[in-house]
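Asks: Take this structure, written in structure tokens, and hold onto it; I'll ask about it next.
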Amino acid sequence: MLTLDTHIDIKWPETPDWLTETEQRVDYPKMLRGGLRAAVFIAYVGQGKRDAEGHAAAAARADAMLRHIQARADGDTRRFCTTPDELEAAYAAGATAVLSAVENGYSMGRDLSAPARWRALGAHYLTLTHNGHNDIADSAIHLPKLGDAGPEEHGGLSAFGRDAIGALNRAGLLVDVSHVSKKGMMQAAEVSRSPIVATHTACRALCDHPRGIDDEQLDMIRQVGGVAQITALDAFLKKMPQGQKNDASVEDMANHVDHAVARIGIEHVGLSSDFDGGGGIAGWKDASETANLTAALAARGYDQAALSLLWSGNYIRVWRRALSLAG
Ligand SMILES: [Zn+2]
Numbered sequence: 002m003l004t005l006d007t008h009i010d011i012k013w014p015e016t017p018d019w020l021t022e023t024e025q026r027v028d029y030p031k032m033l034r035g036g037l038r039a040a041v042f043i044a045y046v047g048q049g050k051r052d053a054e055g056h057a058a059a060a061a062r063a064d065a066m067l068r069h070i071q072a073r074a075d076g077d078t079r080r081f082c083t084t085p086d087e088l089e090a091a092y093a094a095g096a097t098a099v100l101s102a103v104e105n106g107y108s109m110g111r112d113l114s115a116p117a118r119w120r121a122l123g124a125h126y127l128t129l130t131h132n133g134h135n136d137i138a139d140s141a142i143h144l145p146k147l148g149d150a151g152p153e154e155h156g157g158l159s160a161f162g163r164d165a166i167g168a169l170n171r172a173g174l175l176v177d178v179s180h181v182s183k184k185g186m187m188q189a190a191e192v193s194r195s196p197i198v199a200t201h202t203a204c205r206a207l208c209d210h211p212r213g214i215d216d217e218q219l220d221m222i223r224q225v226g227g228v229a230q231i232t233a234l235d236a237f238l239k240k241m242p243q244g245q246k247n248d249a250s251v252e253d254m255a256n257h258v259d260h261a262v263a264r265i266g267i268e269h270v271g272l273s274s275d276f277d278g279g280g281g282i283a284g285w286k287d288a289s290e291t292a293n294l295t296a297a298l299a300a301r302g303y304d305q306a307a308l309s310l311l312w313s314g315n316y317i318r319v320w321r322r323a324l325s326l327a328g
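Here it is in structure tokens:
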């Protein structure tokens, strides 16, 4: 089955050769061992000063990372895919699929032409914020060290943020609401022409972490036809007593999948790891253990068709919709 992990960070700028066994949780050998067929690698841009200089540096970094990710493919056994058709063709040919996306709308600065440029570089989504508010939206986690005065700066999306979503829609990039405040996320769902996605999230009903989404947010994702990708990050999955090491496992992740599916239906739920960006849990510590997650979900009663929807079918449907609404 086409197993697609929708959020994997990479080390930058000193990036190890991903064709060899590395210290990273995801490299090509681990993907082959674990049966992970497709990976969305992220051009992650940490936030600096929100001025012209900071924005220019952020844009340059995102572009360089996107070029690097594209260069991970050889067009043969490893194919860079920029559309659902290319992804499905790569899978059919037995090739590993390499995809890219940008994390943190900070790298957009105030430049509404950035989404079209990223699209030309092969990226297919933008995570609107990271931790800390930016010019687009409020973050779920505000950072005083970045100058955030409190949990809200814009009351959700800024006016520029609404324009930014329009530019993403026109370019055919998916709008990723992971990291965005609840208000910003709910507004983005309404403003975006295409269904929103949360590429790495979890259910607050089971673990009340600000990076997760609550049941109202899950309902909104269903309402707009989007998808919530449950991710393998321990702190989002399981609350631990103070000072105790988090021992979240694939069973905890399966609990979150069960909750989301019960609430909004199998067609609006998916899977991701956040590997090399904080992700990794007992049973799915790196890409080589991908089959363990599939087995844990199968044991819960998800059949082949359901597993295929969770692993890529739903996400591909939403991505196709975004491209059909572009232009
Ligand atoms: Zn993230």
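Under the numbering used here, the first residue of the sequence shown carries the number 2, and numbering increases by one thereafter. Backbone N, C-alpha and C define an ideal beta-carbon position, used for all residues, glycine too.
1. Please specify which runs of the beta strand (DSSP E), each continuous and at least 3 residues long, are wholly inside the stretch 136–206, giving them in chain order.
2. Is Ser179 near ligand 1, judged by its Cβ being under 7 angstroms from some heavy atom?
3. Report the residue ranges of all alpha helix (DSSP H) runs contained in full by the stretch 242–282; include only those spanning at least 4 residues, in chain order.
4. Using a Cβ-Cβ cutoff of less than 6 angstroms, which residues in the same chain neighbour Ala288 once the five nearest sequence positions on both sides are dropped?
5. Beta carbon of Gly278: closer than 7 angstroms to some heavy atom of ligand 1?
6. Tell me the rounded alpha-carbon separation between Tyr107 and Pro116.
7. Once DSSP output is grouped into helix, strand and coil, what is the label at Ile9?
8. Opposite Ser101 in the DSSP bridges: which residues?
9. Pull the bridge partners of Phe81 from the DSSP assignment, please.
10. Does the beta-carbon distance from Met254 to Gln218 come in below 8 angstroms?
11. Given that a residue counts as buried once 16 or more other Cβ atoms are within 10 Å of its Cβ, and exposed if not, what is Asp301?
12. By DSSP, does Trp19 sit in helix, in strand, or in coil?
13. From the DSSP output, in three-state form, read off Gln224 for me.
14. Decide if Lys239 is buried, meaning its Cβ has at least 16 other Cβ atoms within 10 Å, or exposed.
15. Closest to Gly213 by C-alpha separation, out of Gly173, Ala299, Gln224, His180, would be which residue?
16. What span of residues does the alpha helix (DSSP H) with Pro30 cover, start to end?
17. Looking only at DSSP bridge pairs, what is Ala229 linked to?
18. When the Cα atoms are used, what is the spatial distance from Lys50 to Lys12?
19. What's the gap between the Cα of Ala121 and the Cα of His143?
20. Does the beta carbon of His1 fall short of 7 angstroms from some heavy atom of ligand 1?
21. If you measure between the beta carbons of Ser273 and Thr83, is that distance less than 8 angstroms?
22. Got a sec? Which residues, its chain only, sit under 6 angstroms from Ala74 by beta carbon, not counting five neighbours each side?
Replies: So, to answer that:
1. Runs found: 175–177, 198–202.
2. Counting from one through the sequence shown, the residue named residue 179 turns up at place 178. At least one heavy atom of ligand 1 is nearer than 7 angstroms to the Cβ of Ser179, so yes.
3. Taking only runs of at least 4 residues, the alpha helix (DSSP H) segments lying wholly in the stretch 242–282 are 251–265.
4. Within the sequence shown, residue 288 is the residue found at index 287, counting from 1. Val27, Lys31, Met32, Gly35, Leu37, listed in sequence order.
5. The sequence position of residue 278 within the sequence shown is 277, counting from 1. True, at least one ligand heavy atom lies under 7 angstroms from that Cβ.
6. In the sequence shown, residue 107 corresponds to position 106, counting from 1. In the sequence shown, residue 116 corresponds to position 115, counting from 1. Pairing Tyr107 with Pro116, the inter-Cα distance amounts to about 12 angstroms.
7. Within the sequence shown, the letter at position 8 stands for residue 9. Note: Ile9 maps to strand in three-state DSSP.
8. Numbered from its first residue, the sequence shown carries residue 101 at position 100. When beta bridges are read from the DSSP output, Ser101 appears opposite Phe42, Ala124.
9. To locate residue 81, count along the sequence shown from 1; it is residue 80. Note: Phe81 sits in a beta bridge opposite Val99.
10. Looking up residue 254 in the sequence shown gives position 253. Looking up residue 218 in the sequence shown gives position 217. Going by C-beta atoms, Met254 is not nearer than 8 angstroms to Gln218.
11. Along the sequence shown, one-based indexing puts residue 301 at 300. With the sequence shown as reference, residue 301 is identified as Arg, and Asp is not the correct amino acid for it. By the neighbour-count rule (16 or more Cβ atoms within 10 Å), Arg301 is not buried but exposed.
12. Taking the sequence shown and counting its residues from 1, one reaches residue 19 at position 18. Residue state, collapsed to three classes: coil.
13. Walking along the sequence shown from the start, residue 224 turns up at place 223. In the structure shown, Gln224 adopts helical secondary structure according to DSSP, grouped into three states.
14. Your numbering for residue 239 matches position 238 in the sequence shown. Flag for Lys239 reads buried.
15. Translated into the one-based positions of the sequence shown, residue 213 becomes position 212. Residue nearest to Gly213 within the set Gly173, Ala299, Gln224, His180 is His180 (criterion: CA-CA distance).
16. Counted from its first residue, the sequence shown places residue 30 at position 29. Unbroken alpha helix (DSSP H) run through Pro30: 29–35.
17. Translated into the one-based positions of the sequence shown, residue 229 becomes position 228. Answer is Ala199, Val270.
18. By one-based count along the sequence shown, residue 50 stands at place 49. By one-based count along the sequence shown, residue 12 stands at place 11. One alpha carbon belongs to Lys50, the other to Lys12, and they sit about 22 angstroms apart.
19. Here residue 121 is taken as the residue at index 120 of the sequence shown, counted from 1. Here residue 143 is taken as the residue at index 142 of the sequence shown, counted from 1. If I take the Cα positions, the gap works out to 32 angstroms.
20. Residue 1 lies beyond the stretch modelled for the chain, which goes from 2 to 328, so this question has no answer here.
21. Here residue 273 corresponds to residue number 272 of the sequence shown, with the count starting at 1. Here residue 83 corresponds to residue number 82 of the sequence shown, with the count starting at 1. Against a cut-off of 8 angstroms, the Cβ pair of Thr83 and Ser273 comes out as no contact.
22. Indexing the sequence shown from 1 puts residue 74 at position 73. Scanning its chain for C-beta atoms nearer than 6 angstroms, with the 5 sequence neighbours on each side dropped, one finds around Ala74 the residues Arg80, Phe81, Val99, in chain order.
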